[in-house]
Structure formats: C-alpha cells, structure tokens
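Positions 1 to 528 (the UniProt record's numbering) are the ones given, in order, by the sequence shown. One structure is given below, encoded as structure tokens.
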Amino acid sequence: FHSHSPQSPARSLQNPTELRPASHGAAPPTSGPQQRRLLQAAADGDLRLFKSIASALDGGKGRVKEAVEAVRNCGAGALHTAAGRGRTPMCAYLVEELGVDVNAADDKGATPLTYALRWRAVDTVRYLFDHGADAEKPGEQGFTPLHVAAGAGLCEMIEVLLSKGADVNCFSYRGTLLHSAIIGKQVAAVKLLLDHHADCNKPVSLHYTPLIAALHARSLKCVKLLIEAGADAKGVPPLTPLVVAANDGLTDFYEPLLRAGADPDVRDDGGQLPIEIAARNNRRKDVEILFPVTSHIPYVRDWSVDGILAYVKSVPKEEDDPLYKMGPAYLKLEGTKAYKRKDYVSAINFYSMAIKLNPGDVTLHSNKSLCWINLGEGDKALEDAEFCRMIRPDWPKACYRQGAAQMLLKNYEKACEAFQDGLKLDPTNVEIENALRVRFREPEVRQCDMKQASMDVLLLAYSGVVAVRPVKCPTHSAQDPICGSVDECVQECGDEGYHFGMCSHCKCFCFNCSSSLDAKPAPGALSP
C-alpha cells in the first residue's frame with residue numbers, strides 16, 4: 001500500500017520570487033532617534049554622518065562595532081540596510097573596518113546578501129560574496145540567497161554567484177535552485193542553471209524532481225529544457241511524469257514526455273494507468289494520444305478509445321465510497337483509533353483517504369509518516385515527513401518525523417541535521433529529546449562513522465547539555481567537564497562514557513540508561 005497527496009508541495013510552498021525591499025518603517029530599532037538616524041545614514045550611504053552617529057552612540061568607550069551592531073530593526077542591522085540599498089562603500093566600511101558579521105541574519109533569517117539581491121545590486125552582491133557572504137545560508141522559510149535569486153529570475157545575480165564558486169546544486173529542504181526557478185516559472189533562470197550543469201534529476205523527496213515541479217507549474221518550456229538536459233522522463237513510480245500529466249490534464253506535455261522515454265504502462269498509487277486517469281477525467285484527446293502507446297488492458301474488453309471511456313464510466317468512483325462521504329475529520333479520527341490499536345496499515349489507509357479530501361492538512365502526512373516508521377518503512381516515512389517540512393518548515397514535529405525516518409534508513413548524518421533543526425525551533429521538545437536518548441543507545445548508532453559535529457547533535461540532546469569532555473554550556477556559559485552526578489550514573493548503568501551532564505545549574509541525564517539526575521556542583525564551576 002502506498003499513497004500520495006494529489007496536491008504538489010509546490011502549490012503550497014511560499015514562492016521565493018516575491019522581492020520586497022527592506023522595510024525600515026515597522027517597529028523602531030530602539031527608543032531613541034539616534035539609532036533611526038544611524039540606519040537611515042546606512043541606507044543613504046552617508047559614511048561621514050554614519051561615523052559621526054556611531055561615535056556618539058559609542059560614547060567614547062572604544063567599542064564602535066558593538067554600538068553599531070546593537071542597532072537593529074526587526075533584526076536587520078546597518079549592514080543589511082546598506083546592502084539593501086546597494087551602498088557598497090558603506091558595506092566595505094562595516095565589514096572591513098568595523099568587522100561586522102557579513103552573514104548576520106535578521107529576524108527572518110535573511111542575510112545582507114539576500115538584501116542586496118532583492119535590490120538587484122550586482123556590485124554589492126559581488127563585494128559581499130568576495131568577503132565571505134554565504135550564498136547557501138537558509139533563511140526562516142528554507143530559502144537561501146541563491147534560491148531567492150533563482151526564484152525571482154535574477155539571472156545576472158545567479159551568474160555572479162556561480163562564477164565565484166557558489167554551488168549550482170545548492171539544496172535546502174525547499175528543494176534545489178532548479179525547483180525555485182521552475183516554481184517561479186523563470187525559464188531564463190532554468191536555462192542558465194542547466195547551462196551551469198545543475199542536476200536536473202535531484203529530487204526534494206523521492207518523487208519531487210525538477211521535472212515533476214515543471215509539470216505542476218504547467219511550464220512546457222521548462223519541461224522541454226529539462227528533457228534536453230537529460231531529465232528522467234520515466235520518473236519514480238507511482239508518481240511518474242505521465243501520471244502527473246494525466247491527473248492535471250496536460251495534453252500538450254505528452255509528446256515530449258513520451259519521446260523522452262516516459263512509460264505509459266506504469267500505474268499510480270490507486271492502480272490506474274495514465275490512460276485510465278485521462279478517461280476518468282473525461283479527456284478524450286488525452287486518451288487518443290495515450291492509446292497507441294499503452295499496452296492492452298486485459299479487463300477492458302473493447303480495446304478502443306470509446307471502449308476505454310465507456311469502461312471507466314462503468315467503474316464505481318472512489319468518491320462514491322461511503323467512507324469518503326464521512327469527511328476528512330471522521331477519517332482522521334478513524335486513523336488515530338487504528339494507530340492506537342497498532343493497526344498501522346489500516347491507519348495509513350484512513351489517513352490516505354483523508355489526505356485526498358484535505359491535502360493541505362500536514363498533520364495527516366505526519367501521522368502517516370509515524371505509521372510508516374512503526375512499520376519500519378523508512379523510505380515511505382521520509383516521503384511524508386519531507387512533505388511536512390516543505391509545507392511547515394517551522395514545525396518541530398516535522399523535523400522529528402524526518403529525523404526518525406532517516407534513522408530507520410541509517411542516514412545518521414541527515415538524521416542529526418533534522419533533529420538539530422527541530423531543537424533549534426523548540427529546544428525543550430521532549431519528543432525529540434527522548435528520541436535522541438533512545439536512538440543513541442543503539443550500538444550501530446554509537447559506533448557509526450559520523451562527523452564529530454553530527455555526533456555532538458546526538459550527544460547534546462537539547463540546549464545546555466554538556467558531554468563529559470569539556471564543552472561550554474550555551475545556557476549558562478559555564479564549563480563542567482565532569483558533572484557531579486557521573487558517579488551515581490555509573491553505579492546504575494556502569495558506563496561513564498555515555499553519561500552526559502549539564503552545567504551545575506542544569507539537569508543531567510544518561511543516554512545509556514535514560515536516567516535523569518539532579519546535577520551537583522562540580523569543582524570550579526563558573527557562575528552564570
């Protein structure tokens with residue numbers, strides 16, 4: 001059994017093409033007028049006035065950088081403001097003389113480079129990138145500066161960034177640069193990316209390749225460009241390009257797909273061939289195109305265009321099922337009941353039916369992912385989890401589902417990244433904390449060859465946790481290389497190596513025995 005939402009993630013994604021100039025008229029950066037004047041001077045590129053105001057704000061303390069960085073409007077500082085107006089000399093002063101962080105993020109995760117891209121300031125973009133700007137740093141919605149440029153069709157900006165070494169296959173959970181350009185229907189940007197050898201087959205999840213995105217965007221030009229670049233027209237069953245074209249009634253798209261090797265004999269998750277889908281949608285022209293290339297269907301006695309149309313009309317529609325008439329809320333409730341009695345297959349069926357009626361409810365995908373996890377089906381669990389992350393990138397549970405699925409697939413690095421994203425969104429998430437404790441107890445996880453940074457994510461289960469080796473507690477800025485509760489824990493689980501304590505002000509626990517102990521002050525512990 002398998003199920004897919006009839007709605008593409010792209011249709012629910014926020015499009016990165018919308019370029020808004022930096023707003024400085026919302027909440028004031030601070031209570032005083034000097035701070036507002038400082039940002040205005042940055043926006044105007046008035047370096048002399050800016051230095052004068054910055055000096056006044058510093059008050060002779062000799063900490064001009066700190067005084068400047070303290071002035072922010074919705075998280076955007078002077079460098080954001082200057083970059084957002086293409087004031088390259090001002091940017092140079094801030095970066096080279098004051099040492100302002102070139103990758104500082106505003107409240108929505110946008111960096112100065114993103115601001116410069118929005119203003120289409122080529123020289124400023126080039127300067128920032130040359131001085132350490134990260135074109136692949138994702139913002140709040142998962143869009144990197146490169147994704148913003150691709151989605152808006154800023155070809156000159158894309159060319160500058162790629163010529164200076166930016167990754168043409170830059171990827172976030174929102175997809176690749178090709179996905180962004182295609183969703184924005186930026187044909188020129190798609191061609192530019194393909195000319196720079198962008199991977200035309202890299203999916204977001206198992207099925208959502210750039211070609212599938214182009215079909216959902218109804219962009220025939222993008223489809224042809226992708227096919228010319230070598231896109232796989234066969235796709236991954238059951239959501240193949242031909243199935244998408246048949247569902248969406250894309251009559252003009254069949255020819256290029258079929259010429260590129262698309263298989264008309266692959267069924268969708270409901271067991272129907274593209275020609276049956278077209279007939280169900282009463283699209284005679286589509287049936288006529290698909291008929292010569294589709295193998296004879298044994299249960300269709302009259303193998304002709306009219307015969308196929310007549311057969312499909314005679315078959316009871318799925319929507320006529322009494323269960324469908326109960327509505328998505330009822331189906332969701334029945335799915336939850338089935339889950340609680342550990343009937344995961346039935347639960348998946350109920351959730352899948354509910355998804356067809358209410359494809360925008362990500363909790364249905366999350367619940368279905370959890371069922372697949374309990375069945376040990378990592379690939380299927382990951383597909384639903386990644387859909388959740390695409391639609392609701394700020395939802396910690398989506399990160400947890402993704403991490404749990406990756407653990408099943410033994411992709412420990414990716415699991416760590418997903419769990420880390422979830423903990424950033426909600427440092428006190430008990431579900432993720434418990435998952436990390438349980439998973440880390442598995443021998444193959446503890447012995448796997450992971451990067452140290454990824455292992456630390458498993459060790460530092462949530463904000464403030466410190467391993468036995470000296471690590472600075474981010475919560476209280478204290479270093480307790482040896483937690484006072486280690487001895488108690490060793491007595492219980494016999495393994496000091498997997499006891500992880502926090503600083504003296506926090507609780508500690510052990511991944512080996514999952515115990516939670518009150519931390520005792522360690523010798524020489526620093527005060528908060």
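Using N, Cα and C, we set each Cβ at its ideal position, and we do this for glycine too.
Rounded to the nearest angstrom, what separates residue i and residue j at their Cα positions?
i	j	result
residue 163	residue 234	33 Å
residue 136	residue 378	28 Å
residue 127	residue 248	45 Å
residue 396	residue 106	21 Å
residue 402	residue 206	13 Å
residue 72	residue 60	21 Å
residue 17	residue 149	Low local confidence applies: a pLDDT of 39 at residue 17 is under 50, so the model's placement there is unreliable, with the coordinate-based value given in what follows. Distance between the alpha carbons of residue 17 and residue 149: 8 Å.
residue 133	residue 116	11 Å
residue 391	residue 180	14 Å
residue 533	residue 53	Outside the displayed range of the chain (1 to 528) lies residue 533, so it cannot be described from this structure.
residue 288	residue 315	20 Å
residue 490	residue 426	Confidence is the limiting factor: at residue 490 the pLDDT is only 45, short of 50, which leaves the residue's position unreliable, though a coordinate-based value still follows. Cα-Cα distance, rounded: 30 Å.
residue 78	residue 50	10 Å
residue 63	residue 413	40 Å
residue 415	residue 364	22 Å
residue 108	residue 84	15 Å
residue 227	residue 336	42 Å
residue 262	residue 339	38 Å
residue 271	residue 74	51 Å
residue 170	residue 321	44 Å
residue 91	residue 129	12 Å
residue 76	residue 97	19 Å
residue 268	residue 244	9 Å
residue 347	residue 428	29 Å
residue 131	residue 362	40 Å
residue 499	residue 351	Legend: pLDDT at residue 499 = 40, less than 50; position of this residue unreliable, value from coordinates given subsequently. Approximately 40 Å between the Cα atoms of the pair.
residue 264	residue 298	15 Å
residue 451	residue 406	Note that residue 451 scores 45 on pLDDT, short of 50, meaning its location in the model is unreliable; the coordinates nonetheless yield the value given after this. Answer to the nearest angstrom: the Cα atoms are 16 Å apart.
residue 295	residue 366	37 Å
residue 421	residue 166	23 Å
residue 537	residue 327	In the structure as shown, the chain starts at 1 and stops at 528, and residue 537 therefore has no counterpart that could be examined.
residue 301	residue 259	28 Å
Give a yes or no on whether the C-beta atoms belonging to residue i and residue j are separated by under 8 Å.
i	j	result
residue 368	residue 343	no
residue 204	residue 175	yes
residue 100	residue 69	yes
residue 168	residue 197	yes
residue 373	residue 423	no
residue 242	residue 274	yes
residue 419	residue 399	yes
residue 223	residue 240	no
residue 145	residue 114	yes
residue 329	residue 286	no
residue 122	residue 160	yes
residue 393	residue 173	yes
residue 177	residue 229	no
residue 252	residue 290	no
residue 40	residue 57	no
residue 38	residue 89	no
residue 87	residue 45	yes
Please determine, among the options, the residue with the shortest C-alpha to C-alpha distance to residue i.
i	options	result
residue 232	213, 250 and 248	213
residue 293	321, 316, 284 and 254	254
residue 81	42, 58 and 94	42
residue 111	131, 89, 138 and 86	138
residue 215	193, 337 and 250	250
residue 324	356, 300, 339 and 199	356
residue 410	263, 165 and 382	382
residue 331	349, 296, 300 and 201	349
residue 284	312, 269, 166 and 257	312
residue 225	257, 208, 143 and 386	257
residue 217	237, 182, 88 and 202	182
residue 238	380, 89 and 93	380
residue 375	353, 354 and 345	345
residue 370	119, 404, 118 and 354	404
Using DSSP bridges, identify the partner residues of residue i.
i	result
residue 171	176
residue 73	76
Establish whether the CB of residue i and some CB of chain C are separated by less than 8 Å.
i	result
residue 152	Judged by its chain identifiers, the structure shown contains no chain C, having just a single protein chain.
Practice problem: Examine the Cβ distances between the stretch 140–155 and the stretch 177–191 and report whether three or more of them are shorter than 8 Å. | Solution: yes
Quiz item: For the 8 Å Cβ check, are there 3 or more pairs between the stretch 272–285 and the stretch 308–317?
Solution: yes
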